[in-house]
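Have a look at the structure below, then the notes.
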């Protein structure tokens, strides 16, 4: 087989979908030397990756994600490369490709929180993603909750949607205190801190976390460290008093993230919706206890390895954070349960399942879309 994988989202700063794509190709390169892979990218970040793998080729294109041009020129590129299967690791996919398509849809955020997207992106999601999903041979998603949402909102057959869980990257493990201290000095973080990793879009519910932290400041001097793309308008929309003790770090490279997780006393996810929630298990992999607002995906991913908050209220979240911070037995219990829980998530296991999907799709006799 000749398989093309869209990795245009992979670069120096890795978010959830980029981590998914990178870990997938890394594990596929370990378990499959028989098939040929063409990685479609708009940068040269993966040059070193392909140079050491004889059955992997990097094809750099100027096509942007979610653009009109990809509807025309991406199918041409795939035909030129004589691709058998095209796997898009994000929502971006031409409606008509010219080969068999496997599509990873991580969540239905673009449907449930339409106000977060531009008009152009809404049109893309409503028409292009839906039609591309209908035309694809198989949909991969990252949780049972996302599978239910995809079946519901895209009106797809349950047999067409397969769950392969995300996992923590190999780099996520407990880091020694010296490296943590260097990180804290570099970013001006004094003392202990609470951590959040992610963007500041409304569904992430970060305002609730900041309000909860404001209540906690009456009894603790911990900082709240927020790692992710900065949003000046978000910060300006909050009272200066609320932001006391909050450190906005901005985006950082992947190699720094284990030190952030390891240095935190607690990781908090206030999000109202996730497809999976990679930071939850990244924190657990680094030995950090997790507190999360109850959502179908966080409940599914954490099981009993996190402290779940059932009420979306500042007081409730603040009380939960305080409980975990002040109870060492509870903290140790959560960490121990976390060690067992993350054994259920493996990129190798997911890659093997996806490779099986490639073979299944390839063996189908009907004509490609």
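Residue numbers (our numbering): 897 to 1265.
For glycine and all other residues, C-beta sits at the position ideal for the given N, C-alpha and C.
Residue i CB to nearest heavy atom of the ligand FMN below 7 Å
{"i": "residue 1167", "result": "Judged by which ligands are present, the structure shown has none, so any question about the ligand FMN falls away."}
Sequence-distant residues of its chain with Cβ nearer than 6 Å to residue i (five each side left out)
{"i": "residue 1126", "result": "1144 and 1146"}
{"i": "residue 986", "result": "905 and 913"}
{"i": "residue 1004", "result": "1045 and 1049"}
{"i": "residue 1083", "result": "1145"}
{"i": "residue 1000", "result": "985 and 1036"}
{"i": "residue 1243", "result": "919, 923 and 1063"}
{"i": "residue 932", "result": "898 and 951"}
Environment of residue i [buried if 16+ CB atoms lie within 10 Å]
{"i": "residue 1008", "result": "exposed"}
{"i": "residue 1121", "result": "buried"}
{"i": "residue 1255", "result": "exposed"}
{"i": "residue 1253", "result": "buried"}
{"i": "residue 967", "result": "buried"}
{"i": "residue 1015", "result": "exposed"}
{"i": "residue 1166", "result": "buried"}
{"i": "residue 1098", "result": "exposed"}
{"i": "residue 1235", "result": "exposed"}
{"i": "residue 972", "result": "exposed"}
{"i": "residue 1067", "result": "exposed"}
{"i": "residue 940", "result": "exposed"}
{"i": "residue 965", "result": "exposed"}
{"i": "residue 1128", "result": "exposed"}
{"i": "residue 1054", "result": "exposed"}
Close-in-space but distant-in-sequence residues of the same chain around residue i (CB under 7 Å, 5 per side omitted)
{"i": "residue 1251", "result": "924, 927 and 928"}
{"i": "residue 1024", "result": "991"}
{"i": "residue 1217", "result": "1090, 1108, 1112, 1162, 1164 and 1187"}
{"i": "residue 1018", "result": "1010"}
{"i": "residue 980", "result": "897, 898, 899, 995, 996 and 1258"}
{"i": "residue 1238", "result": "1064, 1177, 1180 and 1181"}
{"i": "residue 1117", "result": "1087"}
{"i": "residue 1075", "result": "1155"}
{"i": "residue 1095", "result": "1124 and 1125"}
{"i": "residue 1248", "result": "927"}
{"i": "residue 1227", "result": "1185 and 1220"}
Coarse secondary structure for residue i, derived from DSSP in three states
{"i": "residue 1153", "result": "helix"}
{"i": "residue 912", "result": "helix"}
{"i": "residue 1265", "result": "Residue placement at residue 1265 is poorly supported in this model, since its pLDDT is 47, which falls under 50; the coordinates still yield a value, given next. The answer is coil: DSSP assigns residue 1265 none of H, G, I, E or B."}
{"i": "residue 925", "result": "helix"}
{"i": "residue 1130", "result": "helix"}
{"i": "residue 978", "result": "coil"}
{"i": "residue 1070", "result": "coil"}
{"i": "residue 1001", "result": "coil"}
{"i": "residue 1146", "result": "strand"}
{"i": "residue 906", "result": "coil"}
{"i": "residue 1160", "result": "coil"}
{"i": "residue 917", "result": "helix"}
{"i": "residue 1058", "result": "strand"}
{"i": "residue 1064", "result": "coil"}
{"i": "residue 1181", "result": "helix"}
{"i": "residue 1193", "result": "helix"}
{"i": "residue 992", "result": "coil"}
{"i": "residue 1038", "result": "coil"}
{"i": "residue 1080", "result": "helix"}
{"i": "residue 1043", "result": "helix"}
Contact set for residue i: own chain, Cβ-Cβ below 8 Å, skip 5 residues either direction
{"i": "residue 1115", "result": "1218"}
{"i": "residue 937", "result": "903, 904, 906, 954, 955, 956 and 957"}
{"i": "residue 1263", "result": "Its pLDDT being 49, under 50, residue 1263 is placed unreliably in this model, and the coordinates cannot settle the point."}
{"i": "residue 1026", "result": "1050"}
{"i": "residue 1137", "result": "1110"}
{"i": "residue 1151", "result": "1067"}
{"i": "residue 1013", "result": "1006 and 1021"}
{"i": "residue 1106", "result": "1120, 1134, 1138, 1139 and 1142"}
{"i": "residue 974", "result": "900, 982, 993, 994 and 995"}
C-beta contact flag for residue i and residue j at 8 Å
{"i": "residue 955", "j": "residue 935", "result": "yes"}
{"i": "residue 916", "j": "residue 1041", "result": "no"}
{"i": "residue 1104", "j": "residue 1213", "result": "yes"}
{"i": "residue 1141", "j": "residue 1093", "result": "no"}
{"i": "residue 1032", "j": "residue 998", "result": "yes"}
{"i": "residue 1191", "j": "residue 1168", "result": "yes"}
{"i": "residue 1059", "j": "residue 1034", "result": "no"}
{"i": "residue 1204", "j": "residue 1101", "result": "no"}
{"i": "residue 983", "j": "residue 1047", "result": "no"}
{"i": "residue 1183", "j": "residue 1070", "result": "yes"}
{"i": "residue 1194", "j": "residue 1170", "result": "yes"}
{"i": "residue 1159", "j": "residue 1080", "result": "yes"}
- Which parts of the stretch 1195-1259 are runs of the alpha helix (DSSP H), unbroken and 4 residues or longer, counting only runs that do not cross its ends? Counting only runs of 4 or more, we get 1210-1222, 1224-1237 and 1243-1259.
- Message: Suppose only complete runs of 4+ residues qualify. What are the alpha helix (DSSP H) ranges in the stretch 927-959, listed by chain order?
- Response: 943-947, all fully within the stretch 927-959.
- Uninterrupted alpha helix (DSSP H) stretches inside the stretch 1086-1126 (no shorter than 4 residues): Listed in chain order, the complete alpha helix (DSSP H) runs (minimum 4 residues) inside the stretch 1086-1126 are 1102-1112.
- Mind listing, in chain order, the continuous alpha helix (DSSP H) runs of no fewer than 4 residues lying wholly within the stretch 1009-1034? Listed in chain order, they are 1015-1019 and 1026-1031.
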